[in-house]
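Chemist:
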Amino acid sequence: MPELPEVESARAVIERSALGRRIDDVDDTDSWVCRPHPPGEIRAALLGRRLVAAHRRGKSMWIETSGDHVLGIHLGMRGRILVTERHGGVDEGGDYVGTRPQRTPVKAEWDRFTLHFADGGALRLFDKRRLGRVRLDPDIEALGPDAGEVRLADFRKLVGASRTPVKARLLDQHAVAGVGNLLADEVLWQAAIAPERPADELDAAEVARLHRELRTAIRHAIKRGGVHTGEVIAHRKAGEHCPRCGAPMRRTEVGGRTTWACSVEQPAG
DNA sequence: ACTCGTGTTAGCTG
DNA sequence: TCAGCTAACACGAG
């Protein structure tokens, strides 16, 4: 379930384990994951190059290379990055299930994209769901500012100035980048704001609270190992109660996504 | 057996 | 221009 914190762990893996290694071969034959590039196009752009720097905004990563192109990687819903050494050591980051990293996967048919390094190791995008994406020269500027770094004044303009339900606004990667469904529920619960409230009806204090809780939740999730460590996440199911006030959790749909909220502290319209 | 879902986005409709 | 819906991907969980 890569959300921003999981993507950051994957970016860090690339930064510490893959930079500087010469690309010897590229498997870009999955034309769905590599769309719109035809097989061979990404390969041709990267052969003989090295990875120079790994960046992230929200859930999107981009990797500078020693050539003319930037390599964009998105983990989708279940993608993981694995960087291997010639002699079998593995560094990995990305999707987490429960509170622990999954065991290192071995099924090669779930490798959707691979950079083979001249030293015998590789960087793999492992993604059972095939919702991850690899592309050259992604348009990073189309994204909003990173959700963990956005300033209050910008947040107010980007999130708080729309008639759309505030949760849908948080999920819009063009407004702020990096908030997924679980993180949105956690942040709205922490701020005690009902997810279906029109964003532009929040008062100044509520917007400020939402902004503060967003940054806090992201910081905690990065430190603790993922969004699933949020306080309310385990209570997103039928029969559960709010861990703060004990009221029943309610389920609804906002912005097309399953949404859980406290029935008392985040009351429905 | 069957339904739902942690994500994104092109393409469509109103 | 904005907002909402659907399909596409393929698997795991309940």
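Counting from 1, position 248 in the first sequence corresponds to residue 249 in the numbering used here; the numbering is continuous, with no gaps.
Heads up, the beta-carbon is just placed ideally off N, CA and C, and yes, glycines get one too.
Just the Cα atoms here: how many angstroms apart are L76 and H175?
Modeler: Distance between the alpha carbons of L76 and H175 is about 17 Å.
Chemist: In its own chain, which residues sit with a C-beta less than 7 Å from the C-beta of R216, not counting the 5 before and 5 after it?
Modeler: For R216, where only same-chain residues beyond five positions count, the Cβ hits under 7 Å are G149.
Chemist: Spatial neighbours of T253 within its chain, please: CB distance less than 6 Å, with the 5 preceding and 5 following residues excluded, ordered by chain position.
Modeler: The residues are T260.
Chemist: Just curious, the alpha helix (DSSP H) that T217 is in, first and last residue?
Modeler: Note, T217: alpha helix (DSSP H), 205 to 225.
Chemist: Quick check on R101: does DSSP put it in helix, strand or coil?
Modeler: With a pLDDT of only 38 at R101, under 50, the local geometry of the prediction cannot be trusted, and no value is derived from it.
Chemist: Should I15 and A46 be called a contact, given that it needs their Cβ atoms to be closer than 8 Å?
Modeler: Contact flag unset, no.
Chemist: Could you check which residue in L72, D112, A209, H212 has the C-alpha nearest to that of T82?
Modeler: The identity of residue 82 in the sequence shown is Ile, whereas the question assumes Thr. Closest by alpha carbon: D112.
Chemist: Considering only the alpha carbon of each residue, which of A222, P244, L171, C263 lies closest to P3?
Modeler: When only C-alpha atoms are compared, the closest one is A222.
Chemist: Quick one: what's got a C-beta closer than 7 Å to R130's C-beta in the same chain, skipping five residues either side?
Modeler: Closer than 7 Å at the Cβ level, and outside the excluded window around R130, lie G77, M78, R79.
Chemist: Give the range of the beta strand (DSSP E) segment to which I82 is assigned.
Modeler: Counting along the chain, the beta strand (DSSP E) containing I82 begins and ends at 81 to 85.
Chemist: Report the rounded CA-to-CA distance for D28 versus I219, giving the unit in angstroms.
Modeler: About 33 Å.
Chemist: DSSP state of P6, grouped into three classes?
Modeler: The answer is helix: DSSP assigns P6 an H, G or I state.
Chemist: On a Cα-Cα basis, can you pick out the residue from L126, E7, R164, G95 that is closest to A109?
Modeler: The candidate whose alpha carbon is nearest that of A109 is L126.
Chemist: Leaving out five residues before and five after T115 in sequence, what residues of the same chain have Cβ atoms less than 6 Å from its Cβ?
Modeler: Excluding residues within five positions, the ones whose Cβ falls inside 6 Å are D28, A123, R125.
Chemist: Using 8 Å as the Cβ pair cut-off and three pairs as the minimum, do the segment 188 to 207 and the segment 255 to 270 touch?
Modeler: Result yes; three or more Cβ-Cβ pairs closer than 8 Å.
Chemist: Find the nearest neighbour of H70 within the set R136, S32, G231, judged by alpha-carbon distance.
Modeler: Looking at the Cα atoms, R136 is the closest of the given residues.
Chemist: Using DSSP with H/G/I as helix, E/B as strand and the rest coil, what is A193?
Modeler: In the structure shown, A193 sits in coil (DSSP, three-state: anything other than H, G, I, E or B).
Chemist: Of all the options I64, E241, V208, V233, which has the alpha carbon lying nearest to the alpha carbon of N182?
Modeler: When each option's Cα is compared against that of N182, the closest is V233.
Chemist: Express the C-alpha separation of G133 and D31 in angstroms, rounding to a whole number.
Modeler: D31 and G133: Cα-Cα distance of roughly 11 Å.
Chemist: So does R152 have its beta carbon nearer than 7 Å to some heavy atom of the ligand ADP?
Modeler: No copy of the ligand ADP occurs in the structure displayed, which carries no ligand at all.
Chemist: Spatial neighbours of P244 within its chain, please: CB distance less than 7 Å, with the 5 preceding and 5 following residues excluded, ordered by chain position.
Modeler: Counting only Cβ-Cβ distances below 7 Å, and skipping sequence neighbours, we find E232, V233, H236.
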